[in-house]
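In what follows, a single structure is set out as structure tokens and then discussed.
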Amino acid sequence: MIHQDGNTADKVLSLTKPVTSMLLKNSDKLLESASLKKFLKSINGLPKQLQGRTLFLDLAEKGLKMISYYIYELEDLEELHLEKNLIESIPENIRHLQNLKVLYLNNNKLKYISEEFGELKKLENLDLSSNPLPPIALNIVSRIYTLRELRLYKINLEEFPVQICRYLHHLELLGLSGNNLNFLPKEITNLSQLKELYLQQNKFEIFPLELCKLQNLEVLDIEKNALSVIPVEIASLSKLMKLFIGFNDVQFIPKSLCHCRELSVFTAAGNNLRTVPTSFRELTELSELDLSDNILKVLPLHLCFLTSLCVLYLKNTRLKMLPSAFVELTAIRILNLSQNLFLDFPIEICALINLEMLSLDDNRLRKIPSEIKELSKLIHLGLTGNKFNRFPKEIFSLSLLKKLYIGQDQGTKLKVLPDNIYKLENLKELYIENNRLESLPSTIGLLKNLEILDCTNNWLTALPDSICEIKGLKKLLLKNNKLKKLPENLDMLQNLKYLLLDKNPIIDPPETVWSQGKKAIWQYLQQKRHEKYLATKIQAWWRGIMVRKGFGPFEYLKKLKGAKEKKGKKGKKGKKGKKAEKGKGKGKGKKK
């Protein structure tokens, strides 16, 4: 498929140098050399005013084993996508693509890169991730001095090549996640323009102090290593905006971190933190904070002064309550307090009027306060795994709610879903799995926006017919219930993509039908409905005949028939009596 820049011929005509791109990402067939050649000829065959330069070519996921010769004829090509193929080598002809700026070769089987690859003097963005590259290949890469972004994820690096540090001075992004690095060369400081550095999932036990000299660093991701200490020298990264140190073994956060005044995202989940320094309150730009999976026990009061916080994750931090000053965090939109020890719903949450997503799953809550109605912007509410004795009707005041999770895999089982569920008119996803519901209210059919309904692991014996009115339903999960029959109009759910019925004693349709999946079920229901329609039609035809013959409506005929039978019996009895009287009279007359 060929696209012209601007997507219209008029725009192409208006360009001094018309631009053509080739996008074949959605093609089902493998791209062959012949089709590329045909494409090149089609460009040459265009009128002069439409002849232009091919700038973009996407051949990702085409099963290619080599780079086709015809690609090298696209000398004006600027962006080339060859990721997720089976390519094993980059031949010397790559040097013809002198205008190439962006090249994606990740997820191939590259074992060889020719020396000529280092001659791509305009290349700025290169991704060689997930390839079995030999070390010498990176020496060739280090000759492409124009590189600004270099991604080398998952290539089994044990040492970072010093040559890259010496020659690629323009690098702004360097991706080294998923390797086996445990140190960085001191020459890393030569990459003075570096803004983003990704070191996730390596083997660092000591934080590389050289990183603290990268004055332009804005993003540092060193998650999933074995760090125990974050050095105080991190304070020198004055432009740092995002810091990810999650899933290490860090016990303390240095007070000096407060000098990173531009810090807006800080993730330290999955460490051994018991608190955060009071100096944290000076990070006035902090908008996202993740302290999940630490052993805080008590939320530090000074965190309540971070009034710019929009996202706060405190999952599994052993909290039992929130400080009263928590009400000051009114900018929060996303709050995760799952897997804690709350016995009561923290009333302080109800003051967060901008809250959109709230997760309180796997606590010990027994009820929801009426004040929850103040959360008028809430669209996502997680209450799975608590100890509610009844469905908390207080949530019906949340008219904008789109996702509700109230499955009770670990908590007290709910037995009734209230009729008032229809009040959540904007609900798109309802998860009520792992309860003891025996039925669903007929009002569930009024949830016109519902797309996902999960009733897995309940005691449902039947589904209300009204469920067939939820036309937008896409997923209906009913595994492990006590259903014996499906609604006869279930096939009216034309948008349903996924129907799960395993572990139900369903006899209508029979198992031989429903075990084959949705299509077979739909056909069965339609056939059954058609047979019922024919039976009704025959009955109506017979009634019509009775009426046309003057016997009146069917119900009337039944009554008439009964009345006649009754009258006939009575008439017979009367006739016998009259005959006897008549006989007596005649006898008397003759005697006289």
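Count along the sequence shown starting at 1, add 26, and that's the number in this note's numbering. We put the CB at the ideal spot given by N, CA and C, even for glycine.
Proximity below 9 Å, CB of residue i to CB of residue j
i: F270; j: P234; result: no
i: V167; j: L176; result: yes
i: P395; j: F417; result: no
i: S155; j: Y138; result: no
i: F422; j: L466; result: no
i: L247; j: Q226; result: In the sequence as presented, Leu is not what sits at residue 247; that position holds Asp. Yes. Within cutoff.
i: A261; j: S290; result: no
i: L476; j: L456; result: yes
i: L407; j: Y431; result: yes
i: S350; j: D387; result: no
i: C376; j: I360; result: no
i: K135; j: P117; result: no
i: L152; j: I170; result: yes
i: T172; j: E145; result: no
i: L126; j: E109; result: no
i: L325; j: T343; result: yes
i: L472; j: L502; result: no
i: L378; j: T356; result: yes
i: K393; j: E420; result: yes
i: F368; j: K399; result: no
Candidates the options: closest to residue i by CA position
i: P160; options: G408, E104, I532, L183; result: L183
i: K523; options: L154, K545, K500; result: K500
i: L220; options: P444, L551, K229, E198; result: E198
i: S334; options: L312, T301, L427, E236; result: L312
i: L103; options: A86, P117, V128, S468; result: V128
i: S402; options: L386, K505, L426, G411; result: L426
i: E495; options: K505, L83, K474; result: K474
i: F143; options: H195, L164, N132, N157; result: L164
i: E244; options: M267, E236, K229; result: M267
i: A295; options: L263, L338, T310; result: L338
i: K147; options: T469, K135, I120; result: I120
i: L106; options: H122, P117, D84; result: D84
i: K250; options: I232, L240, N530; result: I232
i: N530; options: L240, A488, L200, A546; result: A488
i: K229; options: N206, L240, I214; result: N206
i: F82; options: T482, L332, L123, G204; result: L123
i: N483; options: L453, L551, L223, G433; result: G433
i: K441; options: I458, L90, C284; result: I458
i: E382; options: K239, D370, I358; result: I358
i: C481; options: L519, W567, K545, D528; result: D528
Neighbourhood of residue i by C-beta, 7 Å cutoff - its chain only, sequence neighbours within 5 removed
i: I275; result: Correcting the residue identity first, residue 275 is Asp in this sequence and not Ile. Result list for D275: A252, L253, S254, N297, N298, in chain order.
i: H328; result: T304, F306, R307
i: K74; result: With a pLDDT of only 44 at K74, under the threshold of 50, the placement of this residue in the model should not be trusted; the figure read from the coordinates follows. Excluding sequence neighbours, K74 sits near nothing in its chain.
i: N242; result: S218, Q219, L220, K221, K265
i: W485; result: R462, L463, E464, N507, K508
i: S468; result: P490, S492
i: Y448; result: T469, L472, L473
i: E397; result: I373, C376
Contacting residues, own chain, Cβ-Cβ under 6 Å from residue i (five flanking each side not counted)
i: D491; result: P513
i: T293; result: F270, G272, D316
i: N412; result: N389, L391, G437
i: S59; result: Confidence in S59 is poor, its pLDDT being 47 and thus under 50, which makes the residue's placement too unreliable to answer from.
i: G498; result: E477, N521
i: L237; result: none
i: K511; result: D534
i: P372; result: L348
i: L424; result: L404
i: F331; result: R307
Closer than 8 Å: residue i CB and nearest the ligand GDP heavy atom
i: A294; result: Looking for the ligand GDP in the displayed structure turns up nothing, as the structure carries no ligands at all.
Residue(s) in a DSSP beta bridge with residue i
i: M267; result: Answer is none; M267 lacks a bridge partner.
i: D528; result: For D528, which the question treats as bridged, DSSP gives no partner whatsoever.
i: R177; result: D153, G201
i: Y130; result: H107, D153
i: S115; result: Y138
i: E222; result: L199, V245
i: M383; result: I360, H406
i: I478; result: E455, K501
i: L332; result: According to DSSP, which records beta bridges pairwise, L332 is partnered with nothing at all.
Proximal residues to residue i (C-beta, below 8 Å), its chain only, five neighbours per side dropped
i: K439; result: N460, N461, R462
i: E318; result: Note on identity: in this sequence residue 318 is Ser, with Glu being the wrong assignment. Only A295, G296, Y339, L340, K341, N342, T343, N362 meet the Cβ criterion.
i: G615; result: Any answer about G615 is weak, because its pLDDT of 46 lies below 50 and its placement is not dependable; what the coordinates show is given next. Excluding positions up to five away in sequence, the list is empty.
i: P257; result: F233, L235, C238, P280
i: I113; result: L90, K91, M92, I93, L131, N134, K135, L136
i: I214; result: F186, C191, P234, E236, L237, L240
Chain C contact for residue i (CB, 9 Å cutoff)
i: T487; result: No chain C appears in the structure shown, which is made up of a single protein chain.
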